[in-house]
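Report on the following structure.
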Amino acid sequence: TSFLQKLQITQARASINGGSSSSSQGNSFLVPGATVATIAMLGVLHARRLYDDKKVEEAKEKGIELEFQPDAKATFLRLLPLRSISRLWGFLTSVEFPLWLRPHVYRAWARAFHSNLEEAAMPLEEYASLRQFFVRTLKEGSRPIDSDSCCLVSPVDGTILRFGELKEAGAMIEQVKGFSYSVSSLLGASSFLPMIAADDMQEESNGQENTQRDESKKSWWTISLASPKVRDPVPTRPMKGLFYCVIYLKPGDYHRVHSPVKWNVLVRRHFSGRLFPLNERATKTIRNLYVENERVVLEGQWQEGFMAMAAIGATNIGSIELFIEPALRTNRPRKKLLHSEPPEEREYEPKGIGVMLKKGDEVAAFNMG
Amino acid sequence: STVVLVFQAPISKSPKDKALSPEFRFCIRRGDRIQMGQALGRWRDS
Chain A
1 TSFLQKLQIT
11 QARASINGGS
21 SSSSQGNSFL
31 VPGATVATIA
41 MLGVLHARRL
51 YDDKKVEEAK
61 EKGIELEFQP
71 DAKATFLRLL
81 PLRSISRLWG
91 FLTSVEFPLW
101 LRPHVYRAWA
111 RAFHSNLEEA
121 AMPLEEYASL
131 RQFFVRTLKE
141 GSRPIDSDSC
151 CLVSPVDGTI
161 LRFGELKEAG
171 AMIEQVKGFS
181 YSVSSLLGAS
191 SFLPMIAADD
201 MQEESNGQEN
211 TQRDESKKSW
221 WTISLASPKV
231 RDPVPTRPMK
241 GLFYCVIYLK
251 PGDYHRVHSP
261 VKWNVLVRRH
271 FSGRLFPLNE
281 RATKTIRNLY
291 VENERVVLEG
301 QWQEGFMAMA
311 AIGATNIGSI
321 ELFIEPALRT
331 NRPRKKLLHS
341 EPPEEREYEP
351 KGIGVMLKKG
361 DEVAAFNMG
Chain B
1001 STVVLVFQAP
1011 ISKSPKDKAL
1021 SPEFRFCIRR
1031 GDRIQMGQAL
1041 GRWRDS
């Protein structure tokens, strides 16, 4: 502000003194002035963001949970054409760099997002574009697969956000404190998710342990006024032994998805939803983030029963490439205005066997844009 | 981008003697960095 005030004073003095030369001198200050002001503003915003992130980290260390706080930014994001932005980002990152520039760009990316370039399978010059570099494969042996036959391995590189056993009615996963989403909404209504009627669950548990039955707080008139979505004629609970794990991939992480166990993929579902960002800030401000975003769900069976893996896209990493079904195209231009289209489903052949995957097999990749 | 896994895993049939039960247990903590191929959880061979 003081800089702009000085600039105005300089301009006023110039106009008092008169003369075209001094007026043009005043104008020539305007462009660098605006640039400096913009840079300063961006600097302040960045500093504030770093400060906020530090506060969040400190809160986490103290064991304080993040709470869901919808804000104006979330509302603003809903108005943006995020799919078009994502596709434009994909186009820009597909532009090929000249050979001499490639190592510089990729080293800068690695420095900014903490990637390990030593692990890249090919020399940096061989990745023609940032998009190609982003989905790079790794040198053999970079990711040894745990050989224990009684373990389930991580399908990706990333940060563990949530994990646990699904016990509550409706099989809900907590997005952040104060807001949860149901697994059946994430995987699709036609999912083979092992659920049983809440009454059956009661009978089942009677023989093992005494559980207190949850009293429903809804009266008949609140149910009748509620939307049809809320009305569930048969309340269901997940069967015992149903677990979940949510893993977040940062932009610098290895972005290929592998098989967590030996299993048979029977069905693929593609939800062509929105493309909100998936960072920590977004998870605590955008409601139903994982359920609204575009995603590919693979569902099948392993030696212990049900297995499902959902790969969820974001604005910057909008498309999901499936190696077991190369024809699948995601992040396509949207033709309909509605975001709540039913998922596109494909059952893999042969029926009941589907596609067999071994532990560690490459299944999919997240692409830029 | 995010990956969500949902799966059935072995559970303890008897609440007693948990140490010897074939129950599935996660071997991770929230906020941990994990690499592809590292164990998320284990169970005992029954």
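In the order they appear, the protein sequences are chains A and B.
Mapping to the numbering used here: the first sequence position 108 is 108, numbers consecutive.
Mapping to the numbering used here: the second sequence position 34 is 1034, numbers consecutive.
Quick reminder that beta carbons are idealized off the backbone N, C-alpha and C, glycines included.
Here the structure is a predicted model, which means the values were calculated and not measured.
Of all Cβ atoms in chain B, is any one closer than 8 Å to the Cβ of residue i?
i               : result
A365 of chain A : no
G241 of chain A : yes
F306 of chain A : yes
A314 of chain A : yes
A120 of chain A : no
G360 of chain A : yes
V379 of chain A : Because residue 379 of chain A is not part of the residues shown, which for chain A are 1 to 369, the question remains open.
H255 of chain A : yes
P103 of chain A : no
A310 of chain A : yes
H270 of chain A : no
I145 of chain A : yes
H258 of chain A : yes
I317 of chain A : yes
G207 of chain A : With a pLDDT of only 44 at G207 of chain A, under the threshold of 50, the placement of this residue in the model should not be trusted; the figure read from the coordinates follows. False, the Cβ-Cβ gap to chain B never drops below 8 Å.
L249 of chain A : yes
P194 of chain A : yes
E341 of chain A : no
Taking the alpha carbon of residue i as the point to measure from, which residue in the options has its own alpha carbon closest?
i                : options                           : result
E125 of chain A  : A:Q132, A:P103, A:D146 and A:A311 : A:P103
K177 of chain A  : A:M239, A:I312 and A:F68          : A:F68
S180 of chain A  : A:M41, A:A40 and A:E168           : A:E168
F306 of chain A  : B:S1001, B:V1003 and B:A1009      : B:A1009
Y290 of chain A  : A:A128, A:V183 and A:R48          : A:V183
A365 of chain A  : A:A310, A:V36, A:N288 and A:F243  : A:A310
Q303 of chain A  : A:K262, A:G313, A:G318 and A:N367 : A:K262
Y248 of chain A  : A:C151, A:K358, A:E341 and A:I317 : A:I317
P343 of chain A  : A:Q132, A:V363, A:A197 and A:H270 : A:H270
S142 of chain A  : B:D1045, B:Q1035 and B:F1024      : B:Q1035
L130 of chain A  : A:P98, A:I160, A:G360 and A:K358  : A:P98
A1039 of chain B : A:V153, A:L357, A:R346 and A:P235 : A:V153
P1022 of chain B : B:V1006, B:R1029 and B:G1041      : B:G1041
R162 of chain A  : A:V156, A:A47 and A:I173          : A:I173
S272 of chain A  : A:G43, A:S259 and A:R295          : A:R295
C1027 of chain B : A:V36, A:V135, A:A74 and A:G164   : A:G164
Got a sec, what are the start and stop residues for the alpha helix (DSSP H) residue i sits in?
i               : result
Q301 of chain A : It is not in any alpha helix (DSSP H) - Q301 of chain A instead sits in the beta strand (DSSP E) that spans R295 to W302.
E280 of chain A : E280 to T283
Y248 of chain A : Run containing Y248 of chain A: none in the alpha helix (DSSP H); it sits in the beta strand (DSSP E), L242 to Y248.
S371 of chain A : Nothing about residue 371 of chain A can be read from this structure; chain A reaches only from 1 to 369.
H258 of chain A : Taken as a continuous stretch (DSSP letters only), H258 of chain A belongs to no alpha helix (DSSP H), being part of the beta strand (DSSP E) at R256 to H258.
T93 of chain A  : L82 to T93
P103 of chain A : R102 to F113
R131 of chain A : L130 to F134
L124 of chain A : Careful: L124 of chain A lies outside any alpha helix (DSSP H) and carries neither H nor E.
L66 of chain A  : Careful: L66 of chain A lies outside any alpha helix (DSSP H) and carries neither H nor E.
In the DSSP assignment, the beta strand (DSSP E) including residue i goes from what residue to what residue?
i                : result
W263 of chain A  : W263 to F271
I196 of chain A  : M195 to A197
L166 of chain A  : Segment: none, L166 of chain A is in no beta strand (DSSP E) and carries neither H nor E.
L79 of chain A   : That residue, L79 of chain A, is in no beta strand (DSSP E); its alpha helix (DSSP H) goes A72 to L79.
V1003 of chain B : T1002 to Q1008
L357 of chain A  : V355 to L357
E174 of chain A  : M172 to V176
E292 of chain A  : Note, E292 of chain A: premise wrong, no beta strand (DSSP E); alpha helix (DSSP H) at L289 to E292.
V153 of chain A  : C151 to V153
A314 of chain A  : Run containing A314 of chain A: none; DSSP gives neither H nor E here.
N331 of chain A  : Counting along the chain, N331 of chain A falls outside any beta strand (DSSP E), and DSSP gives it neither H nor E.
So is the beta-carbon of residue i under 7 Å away from any non-hydrogen atom of the ligand GDP?
i               : result
P251 of chain A : Of the ligands one can find in the structure shown there are none, so the ligand GDP has no counterpart to examine.
Residue i CB to nearest chain C CB: under 8 Å?
i               : result
L152 of chain A : Looking at the structure shown, chain C is missing, and the protein chains on hand are A and B.
Which residues of the stretch 154 to 171 of chain A have a Cβ closer than 9 Å to any Cβ of chain B? Give them in chain order. S154, P155, V156, D157, G158, T159, I160, L161, R162, F163, G164, E165, L166 and A171
Is there contact between the stretch 281 to 292 of chain A and the stretch 318 to 326 of chain A, where contact requires at least three CB pairs shorter than 8 Å? no
Got a sec: which bits of the stretch 274 to 301 of chain A sit with their beta carbon under 8 Å from any beta carbon on chain B, in order along the chain? L278 and Y290
Going along the stretch 53 to 71 of chain A in order, which residues come within less than 9 Å of chain B, judged by CB to CB distance? K60
Is there contact between the stretch 262 to 269 of chain A and the stretch 340 to 353 of chain A, where contact requires at least three CB pairs shorter than 8 Å? yes
Within 7 Å of chain B by C-beta, residues of the stretch 319 to 336 of chain A in sequence order: none
Decide yes or no for the touch test of the stretch 181 to 188 of chain A against the stretch 299 to 313 of chain A: beta carbon pairs closer than 8 Å, at least 3 of them. yes
Between the stretch 81 to 90 of chain A and the stretch 104 to 123 of chain A, are three or more C-beta pairs nearer than 8 Å? no
Residues, ordered as in the chain, of the stretch 170 to 190 of chain A that lie near chain B by beta-carbon distance below 7 Å: V183, L186 and L187
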